[in-house]
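Numbering (my numbering), first residue to last: 25 to 168.
Even for Gly, the Cβ is constructed at its ideal location relative to N, Cα and C.
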């Protein structure tokens with residue numbers, strides 16, 4: 025089940041945030057939550073790079089608690105995708121890379137009205153992202 029998605033640029037600016045099946049709110053503003061998330065990612069990535077007994081070519085990809093899993097993918101431009109899911113979700117790296125190539129590139133990068141480094145406000149991007157997420161078997165229980 026997919027709970028929420030953060031997209032950060034290489035400088036830590038929150039480019040986009042969305043949530044779907046999130047049951048518990050953090051009790052802080054979305055800006056504060058995004059800053060905490062990015063800070064935690066920055067620290068965790070640094071920790072993994074320094075402590076890993078092998079060369080961490082891809083850094084960390086996810087961590088899991090008893091309640092949720094956090095999945096992380098960074099593309100070559102420095103864009104960071106963070107997806108929180110239930111603990112049973114698999115194939116998230118491929119899902120996030122498809123999201124990047126099929127949704128982000130198509131509806132953000134190729135949008136002449138978008139300025140690099142600014143948060144995404146495109147309704148078309150929001151709609152296509154929502155369709156992409158909801159069409160995935162990762163989304164959540166299907167009600168027939």
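Can you name the residues that DSSP bridges to residue 109? 26 and 93.
Along the chain, where does the beta strand (DSSP E) that runs through residue 42 open and close? Taken as a continuous stretch (DSSP letters only), the beta strand (DSSP E) holding residue 42 covers 38 to 43.
From the DSSP output, in three-state form, read off residue 62 for me. The answer is helix: DSSP assigns residue 62 an H, G or I state.
Could you give the distance in angstroms between the alpha-carbon of residue 31 and the alpha-carbon of residue 156? When the Cα atoms are used, residue 31 and residue 156 turn out to be separated by approximately 15 Å.
Would you mind listing the alpha helix (DSSP H) stretches within the segment 113 to 152 that are 4+ residues and don't spill past its ends, in chain order? Annotation note: the segment 113 to 152 contains the following uninterrupted alpha helix (DSSP H) runs of length 4 or greater, listed N- to C-terminal: 116 to 122.
Could you tell me the distance, in whole angstroms, from the CA atom of residue 27 to the CA atom of residue 75? Those two C-alpha atoms are separated by around 30 Å.
Any contact between the segment 106 to 115 and the segment 126 to 133? By contact I mean 3 or more CB pairs, one from each, below 8 Å. For the pair of segments examined, the segment 106 to 115 was found not to touch the segment 126 to 133: the number of CB pairs separated by less than 8 Å stays below three.
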